[in-house]
Amino acid sequence: MLKKIKLPFASGLEVEFSDRVKGVEQIFEWAETGTWRPIVVFGPEGCGKTSLLLQAVEILKEQGLASYILIL
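Numbering (the numbering used here), first residue to last: 33 to 104.
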């Protein structure tokens, strides 16, 4: 189970992630290998794209890896 994080767009809300381990692990693997290409995450509105990326960023920070998210 992934740790809970506070989402900055939902003040004070903590979300426990489920069924996201594979996606976060894939992002982490790309970051570890030095992938410099953009990673595009797409899906219907409200499916958790931003939350997935925020969770991945927290893990990358803990591992000392830099990341940047551009939400369009």
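Glycine included, each C-beta is placed from N, C-alpha and C at the ideal position.
Beta-carbon spacing of residue i, residue j below 8 angstroms
{"i": "L92", "j": "S99", "result": "yes"}
{"i": "V89", "j": "I103", "result": "no"}
Spatially closest choice to residue i from the options, by CA coordinates
{"i": "L97", "options": "T67, V73 and K81", "result": "T67"}
{"i": "V72", "options": "E90, Q95, E94 and G55", "result": "G55"}
{"i": "A63", "options": "I103, Q95, L102 and L104", "result": "Q95"}
Bounding residues of the alpha helix (DSSP H) (the contiguous stretch that carries residue i)
{"i": "Q58", "result": "V53 to E64"}
{"i": "T82", "result": "K81 to E94"}
Heavy atom of the ligand ZN within 7 angstroms of residue i beta-carbon
{"i": "G66", "result": "The ligand content of the structure shown is nil, which means the ligand ZN is not present either."}
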